[in-house]
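The sequence shown stops at residue 155 when you use the numbering used here, and every number in between is there.
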Amino acid sequence: MKTLIVFYSRTGCTRRVAEALAAQLGADLEELRETADRSGVKGYLLAGRDAMQKRPADLLPVTQQAADYDLVIVGTPVWAFTMCPAVRTWLLREATQMRRAAFFCTQGGSGAERAMREMEKLLGRPLVARLTLRDKDIRAGACDAALSQFTAECR
Ligand SMILES: Cc1cc2nc3c(=O)[nH]c(=O)nc-3n(C[C@H](O)[C@H](O)[C@H](O)COP(=O)(O)O)c2cc1C
Numbered sequence: 001m002k003t004l005i006v007f008y009s010r011t012g013c014t015r016r017v018a019e020a021l022a023a024q025l026g027a028d029l030e031e032l033r034e035t036a037d038r039s040g041v042k043g044y045l046l047a048g049r050d051a052m053q054k055r056p057a058d059l060l061p062v063t064q065q066a067a068d069y070d071l072v073i074v075g076t077p078v079w080a081f082t083m084c085p086a087v088r089t090w091l092l093r094e095a096t097q098m099r100r101a102a103f104f105c106t107q108g109g110s111g112a113e114r115a116m117r118e119m120e121k122l123l124g125r126p127l128v129a130r131l132t133l134r135d136k137d138i139r140a141g142a143c144d145a146a147l148s149q150f151t152a153e154c155r
């Protein structure tokens, strides 16, 4: 099964999960990048504002197309109780091209349920699998069981 993992990561947690999933599933990776500078305190504050206001992101060109894959897994950090702008923009563009879809969120503590609901709304179809992980568990390397269950559901 040809699988693509599309993700955005500001501080590395979502990237770490995406890379672990790619290794387990033999999937291709597409990291979304924006023209906006999200670094530092100013970047953090503007990121929260943009996510809350559902502002579209100005994405740098991507290399892969969802339509070329049997399964697309989309990963986002939770920002202001929703998906980050890069993932929102990519989903709005590609949702209709996805055959099978699975989502994962990384978060500090809460908001993933709402983020997941909004992502599913943009997709407009049921998911194959979903996964939520906390940033501190990702940094501690304490997510193996959850990742294995998720990849089993994806297969
Ligand atoms: C602007 C901003 C808003 C955030 N809002 C939330 C939130 O609403 N709920 C939450 O649990 N974590 C929130 N977080 C924490 C991130 O979701 C969490 O640290 C995530 O794992 C970071 O992923 P990354 O390292 O891939 O960027 C926020 C982080 C940022 C930068």
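Heads up, the beta-carbon is just placed ideally off N, CA and C, and yes, glycines get one too.
Nearest to residue i (by Cα), restricted to the options the options
i: GLN64; options: GLU34, LYS54, GLU30, ARG38; result: GLU30
i: LEU214; options: THR106, PRO126, MET119; result: With the chain running from 1 to 155 in the structure shown, residue 214 is simply not present.
i: TYR69; options: ARG99, ARG55, LEU25, ARG93; result: ARG99
i: PRO61; options: LEU46, ARG55, ARG93, GLY111; result: ARG93
i: ASP135; options: LEU46, ARG10, PRO85; result: ARG10
C-alpha gap between residue i and residue j, whole angstroms
i: ARG15; j: ALA152; result: 20 angstroms
i: THR35; j: TRP79; result: 18 angstroms
i: GLU113; j: LYS121; result: 12 angstroms
i: ALA23; j: GLY124; result: 28 angstroms
i: ARG155; j: ARG38; result: 34 angstroms
i: PHE103; j: LEU127; result: 7 angstroms
i: ALA57; j: GLY48; result: 13 angstroms
i: LEU32; j: PHE150; result: 22 angstroms
i: LYS82; j: ALA18; result: The question names Lys, but residue 82 is Thr in the sequence shown. Those two C-alpha atoms are separated by around 19 angstroms.
i: THR89; j: LEU59; result: 8 angstroms
i: LEU168; j: ASP50; result: Nothing can be reported for residue 168: it is not among the residues displayed for the chain, which extend from 1 to 155.
i: LEU25; j: THR3; result: 7 angstroms
i: CYS84; j: CYS143; result: 22 angstroms
Residue i burial status per 10 Å Cβ neighbour count (16 or more: buried)
i: GLN194; result: A question about residue 194 goes unanswered here, because the residues of the chain that appear run from 1 up to 155.
i: ALA145; result: exposed
i: ALA27; result: buried
i: ALA67; result: exposed
i: THR96; result: exposed
i: GLY109; result: exposed
i: MET119; result: buried
Presumed contact (8 angstroms Cβ cut-off) between residue i and residue j, rounded CB distance
i: THR76; j: ALA115; result: 7 angstroms
i: TYR8; j: VAL72; result: No, TYR8 and VAL72 are not in contact; Cβ-Cβ is about 14 angstroms, not under 8 angstroms.
Inter-stretch contact at 8 angstroms, needing at least 3 Cβ pairs: the stretch 34 to 44 / the stretch 135 to 143: no
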